[in-house]
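Here the structure is laid out as structure tokens; the discussion comes afterwards.
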Amino acid sequence: MSDFGTIITATSKQTFTESEEEELTELLQQLIVKYKALNAEGELMNAQFEIIDSKTAVAPLSDHYYGDEDPENQVDFVKDNELDYAELLAEKLQEFFPNFSFEAKLERW
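If you're matching positions, the sequence shown starts at 560 in the numbering used here and goes up one per residue.
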């Protein structure tokens, strides 16, 4: 398992359905291609929502490992290179799914 990455969290007041999970993933894939949303390594971001509880779905857009450098520098580098894309994607998802709340962030796990 990786150490950290950029994610989008979708929350709903209702229970997520599998079809909503599929619709979110499909739209996210299209948006990543349309906006050429790249991870810190210059590759297209990942695009797969997964329901983690009845009212929350998460899409890990990237995953990174701590290397030999200072972990804080690595996190800052990823944040500087990915968070703007993630926020744009969350904003566009919100336009298509106004009943959900979306948040883009960098998270350690």
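Here a beta-carbon is modelled for each residue, glycine too, at the ideal position from N, C-alpha and C.
Less than 7 Å between C-beta atoms, sequence neighbours within five positions excluded: which residues of the same chain meet that for residue i?
i, result
"residue 625", "562 and 633"
In angstroms with no decimal places, state the Cα-to-Cα distance between residue i and residue j.
i, j, result
"residue 648", "residue 590", "7 Å"
"residue 587", "residue 606", "6 Å"
"residue 596", "residue 609", "19 Å"
"residue 651", "residue 567", "12 Å"
"residue 612", "residue 661", "15 Å"
"residue 630", "residue 616", "27 Å"
"residue 575", "residue 603", "26 Å"
"residue 572", "residue 614", "6 Å"
"residue 641", "residue 579", "25 Å"
"residue 658", "residue 593", "23 Å"
"residue 569", "residue 628", "32 Å"
"residue 577", "residue 643", "28 Å"
Under a Cβ-count criterion, where at least 16 other Cβ atoms within 10 Å of its own Cβ denotes burial, should residue i be classed as buried or exposed?
i, result
"residue 564", "buried"
"residue 655", "exposed"
For residue i, which residues from the same chain have a beta carbon less than 6 Å from its beta carbon, with the 5 sequence-adjacent residues on both sides left out?
i, result
"residue 653", "661"
"residue 666", "566"
Taking 8 Å as the threshold (C-beta atoms), are residue j and residue i in contact?
i, j, result
"residue 646", "residue 618", "no"
Give me, in chain order, the residues of the same chain whose beta-carbon lies closer than 8 Å to that of residue i; leave out the 5 immediate sequence neighbours on both sides.
i, result
"residue 623", "561, 562, 563, 564, 599, 633 and 637"
Segment contact flag, the region 574-583 with the region 625-638, C-beta cutoff 8 Å, min 3 pairs: no
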